[in-house]
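Notes follow the structure.
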Amino acid sequence: MSTNEPQGPTAALDARTQARGGARRSFEVGSLRDYGIVFAFIALFLVLTFSSDVFLTKGNLLNLADQSAALGILACGMTLVIIAGGFDLSVGAIFAVTAIVGAKVTNSSGAELGVLAALTAGMALGLVNGVLATVGRLNPFVATIATTLVFRGLALAISGGFLVAISDASFGNLSQPRVLDVRISVFIFAAFALFCAFLLNRTVYGRHLFAVGGNAEAARLSGVRVNRVRALAYVLMGFASALGGVLVASRTLTVDGNTGMGIEFDAIAAVLVGGTSVMGGEGAIWRTILGVFLLALVGNGFNLLGTDPLYQRIFTGAIIILAVGSDAWIRRGKRA
Amino acid sequence: MVKRYGGVHALRDVDVTIRRGEIHALVGENGAGKSTLGKILAGVVRPDGGTVSVGGRAVHYRAPHEAIRDGIAMIDQELALVPARSVLDNVFLGSEQHRAGVAKDRQARERFRALAARTGFDLDPDAPVGSLRVADQQKVEILRALARNAELIVMDEPTAPLTPDEAQRLHAIMRDLRDRGTTIVFVSHFLREVLALSDTITVLKDGRFVQSGPASEQTQDSLVLAMLGRSLDVAFPDPAPPADDAPVVLRARGLTRAGAIEGVDVTLRAGEIVGIAGLVGSGRTEVARALFGADRIDAGTIELDGRALRLRAPADAIRAGIAMLPESRKEQGLLMLRSVGENITLPHLRLVAGGGVVRRRGESARARELIERLGVKCDGADAPVASLSGGNQQKVALAKWLMKTPRVLIADEPTRGVDVGAKSAIYDLLRGLAAQGVAVLVISSELEEVLGLANRVLVMRRGRVAAELSSDEATDEKVLTAAFGTSRRVKGIDEEEAA
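So the sequences go chain by chain: A and B.
Residue numbers for the first sequence follow numbering that gives the first Met the number 0, so the first one is 0 and each next one is one higher.
Residue numbers for the second sequence follow numbering that gives the first Met the number 0, so the first one is 0 and each next one is one higher.
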C-alpha cells in the first residue's frame, strides 16, 4: 500500500493516461515526453554536423559506433534489469573479471574456450546478483555494491594485480576485422540489441519483465514467477557484461583488474537518458540505443571541437538531470 | 466547472454550492466525477474551466498547500501518512512550529493534547502510524486537518476500509466536527450512510450535475433513480442450486496459517457459489490466498478433483485451474502501466504464444473477444488500463481469468469500488460461470452480496469458520451473530442500519 504518497503514482498515471490515451488532443505533450530523446539526438547531431567538418564523415561515425559497442551491450542488458525493477552496479566489475578470465583461458587453451569461459563466468556472476536480489531479499543497490567489491577483488586476485596480455592474436579477430568497412564489434552490438528488443517486445519473458517491474504483486498473483524472471534478467546482464568485456579485451589485447572502472555509470546514464523509467515497468531498447549514441556524440563533439574534456563530465551530468528531470517536470505540469 | 482527463470529460459544467458548517455528500456511480470534484476543491487537481470561490472570493489553487491556506484540507481514500513516524510527527507534518528550524517538541505535544481533547480521540502520540489500524490512521489524518485549522474537510470514501463499528464511530466524529463549525464534504458509495449523515446531497452522473438539495427530501430509491437516470432492481434472484450429484471440485481441510487462519475447511462443488462472510480481518482474504498459493500454509491439505495439490506459488494454482480475483485491483489485480489487452492475456500468455514468442494477432483477438464478452468499455485492447473507470478496470481484472475457463474462481470483493451497473454485470458473470460448472468462492464485505449470490455461506470469525449456512438458513441476523460472536454487538449494527 502506498499510503505515504497518494499523489505520486496516481499523478503519474494521470499524466501517462493523458499522454497515451488522449492521443490526438495532447499530442504535443505526449510526443515531447515520449520522443524527447529523439529530438535531443537529432538536435545534437545537426549541431555537430554544422560545427565540425570531420563529424559527418564515414570514418568518424563508424569509429563512434565501434567505440560505443561494448557500452551499448551493457546498456541493453541494464535496460532489461531496470525494466524488471532491479538495478546493477556491479557490471563494471563483472566486465573486468570476465575480460581477465577470457584472457587467461585464451592464453592457456585458445580463443574459443577463452570466449566461452568469459561468457559463462559472466552469467554465473549475474546469477549471484540475481539470487541475492531475489531469494536473498537484498536491495539490488546494496547487493550489487557488495558484489562490486567482491568481483573487483576477484579480478585483482585472478590477474595477480598485473596487466594480462593476450598472447593469441586471433583473439583480436573477435572485434577488429571489418566487413563492408564496419567492424565486427558493431555487428555484435547490433545483434545483441536486436535480441534484447525482440525479447522485450515479442516474447512471454519480455511481458513478464514489464509485469514484474510494474507491479510485482500483481504479476505474482497472475502466475508470473517473479524471482525467476528477475534473476534471469541479472543473468542476461552478466552475459552482456562479459560480451562487452570480451570485445574490449579483443580490441586492446591487454586487460587488468581496473578494466571497465566506472562503465556501470555510463551504462546506467545511457538507459536513463533514453527515458527508461528507473522505477521499472517501463522502457525500451531503442531508447537505450539513442541514449548510448547521444552520450557518444557528446564525447565526440568535445573531441572534435577541441573543448577541454574536463567539461565533458559536467555536461553529461547536466544532460542526465535534464533528461530525467524533464520527464518528471512534464508529468507534474500536466497533473493539475 | 470543467475537468478533462485525456479526451474524456470527468466533469462538465457542474455548479455546486457548499454552505459553511454542513455535511455535504457527493454521490454518483463510479466515474461520475465525485472524487474529481472533491480534488478540485482541495487543489489536488486543477480544473480545465470554471471557477471556485471560497467565501465569495474566486480562487485558483495550483497545489494542495494553497487550499490548506484557505482552510481546505482533503483526506484521500488512500491515506497520506508516513508510516514509520509517530502520530505526533504525522499530525504536524508540514505545519511544524519551530525556532530556526529546530522543532518545538513540547509545544507540539501541548497542541496535540488540545486537539485530542477537542475531538475526543484517544491516540498515543508516540506510536508509529504504521502500527495503527486504518480507523486510527484516519483519526490522525483528521487531527492533521484540524491542526492546519481546516474549516472545510474533503473526505473521499472515508468509511470504505472500516468495519461497521468503526464506521459508526467515524460518523459520530463527523457530526461532532460539523456541530463545532467545520464543513465536511464527503464522497461515498453507501447511500444509507449518506442519508443518515449529510445535510445536503449532490448527485453527479457522468460528470454532470444532476441535483443538489437537502438530505431530508431524499430516500435511497430517489438517489438511485437520480444516479442512474433509471431505477435498478437491486434484488437478487434466488441462487440456482447446483445439481445434487455435482462433484466436489475443491476440498480444503484444516487450512492453518499462524496468526491468520486456523483449521479452516472449505468444500466447493461444481456449479456452486459459496460465499465467505465475516468482518475485515477475520481471515476471509487469507483463506482465499491460501487456496490460491499466494501465502504459504503451515498446515492443512488442498485437493482438486480428489488429487492433493501442493501450492508453492500462485503459478501452481493457476496451472491446476484455480483463479483468483484479488481484493485490490490496483495493487494486486492489474498492471496499471500496461494496456487492457496485456493485462487480460498475462496469466495465460502461453496459450497465445509459440516457443516463448507471443503471437500478436492471436493475442489481440483473444483480448478483443473477452473485452466484448465482459462489456468492458475502452478504446480497444491497446488502451492503457489506467484510463478506464473503476468498474471497467474490475471487469478487466476478471477477464484475465476467463481466457481459459477455470475450475475454481475465487473472487475477493468482486464489486468493491464498482458502480451499480458494473456490479450487476459482475453478478451475472459469476452466476453464468457457476452455471457452466465452475466452482465459485465469493468473499465480500457487503452482506447482501454474499447472501444474494451464494448457495452456501461460510461465516468467519478470528481466523476460524464460525458457521456454515445454506442459502435458506442464511439471514442477515444469523450471519452477523456468527461474525461478531455475540448478539449484543449485532444489536448495535441493526440500530445503525435502521438509523
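Heads up, the beta-carbon is just placed ideally off N, CA and C, and yes, glycines get one too.
- Unbroken alpha helix (DSSP H) stretches of 4 residues or longer found wholly inside the segment 267-298 of chain B: 283-290, given in chain order.
- If you draw a 10 Å sphere on the C-beta of B:P413, you find 16 or more other C-beta atoms in it, and that means buried.
- Under the three-pair Cβ rule at 8 Å, the segment 176-191 of chain A counts as touching the segment 54-70 of chain A.
- Listed along chain A are S221, each with a C-beta nearer than 8 Å to that of B:K399.
- In the same chain as B:A293, and ignoring 5 residues on each side of it, the C-beta atoms closer than 6 Å to its own belong to P313, in chain order.
- As the crow flies, the alpha-carbon of B:G374 is around 8 Å from that of B:K394.
- At a cut-off of 8 Å between beta-carbon atoms, A:R229 makes no contact with chain B.
- Taking 8 Å as the CB threshold, B:E341 lines the interface with chain A.
- Under DSSP, B:D411 shares a beta bridge with B:I442.
- A Cβ-Cβ separation of about 20 Å leaves B:G32 out of contact with B:T182 under the 8 Å criterion.
- A:T253 is bridged by DSSP to A:A164.
- Among the residues facing chain B, A:G84 is not included, as its CB has no counterpart in that chain under 8 Å away.
- Here the C-alpha atom of A:A241 lies approximately 13 Å from the C-alpha atom of A:I262.
- Of the other Cβ atoms in all chains shown, fewer than 16 fall within 10 Å of the Cβ of A:F194; this residue is therefore exposed.
- When the Cα atoms are used, B:G54 and B:G70 turn out to be separated by approximately 11 Å.
- Residues of chain B with a Cβ closer than 9 Å to the Cβ of A:Y204 are, in chain order, G355.
- Annotation: B:Q137 has no Cβ neighbours in chain A at a cutoff of 8 Å; minimum Cβ distance is about 11 Å.
- Assignment of B:H59 by DSSP, reduced to helix, strand and coil, places it in the coil class.
- The criterion of a C-beta distance shorter than 8 Å is satisfied by B:V456 and B:V449.
- For B:D378, the secondary structure class from DSSP, reduced to helix, strand or coil, is coil.
- Residues of chain A with a Cβ closer than 7 Å to the Cβ of B:I317 are, in chain order, G222.
- Below 8 Å, too few C-beta pairs join the segment 107-116 of chain A and the segment 285-297 of chain A to call them touching: fewer than three.
- 8 Å or more divides the Cβ of B:Q167 from the Cβ of B:R191.
- In this structure, A:V96 sits near A:A154, with a CB-CB distance shorter than 8 Å.
- Contact check for B:R367 against B:A380 passes: the beta carbons are separated by less than 8 Å.
- Look at the beta carbons and you see the segment 143-156 of chain B touching the segment 170-190 of chain B: at least three pairs across the two are nearer than 8 Å.
- Only those residues of the segment 242-275 of chain A whose C-beta falls short of 7 Å from the nearest C-beta of chain B would be listed, and there are none.
- Within the segment 181-208 of chain A, those residues whose Cβ lies closer than 7 Å to any Cβ of chain B are, in chain order, R201, T202, V203, Y204 and R206.
- Chain-order list of chain B residues neighbouring A:G129: empty, with the shortest C-beta distance near 17 Å, by a criterion of under 8 Å.
- Closest in alpha carbon position to A:A230, among A:L47, A:F301, A:A322 and A:A142, is A:A142.
- In this structure, the straight-line span from the alpha carbon of B:T199 to that of B:K38 is close to 19 Å.
- Within chain A, no residue has its CB atom less than 9 Å from the CB of B:L169, the nearest being about 17 Å off.
- Proximity to A:L289 across A:N302, A:G279 and A:T275 peaks at A:T275, based on C-alpha coordinates.
- Residue contact check for A:A232 against chain B: no CB pair falls below 8 Å.
- Around the C-beta of A:W328, fewer than 16 other C-beta atoms lie within 10 Å, and the residue is accordingly described as exposed.
- Nearest neighbour of B:L224 by Cα position, chosen from B:L429, B:N454, B:L432 and B:G27, turns out to be B:G27.
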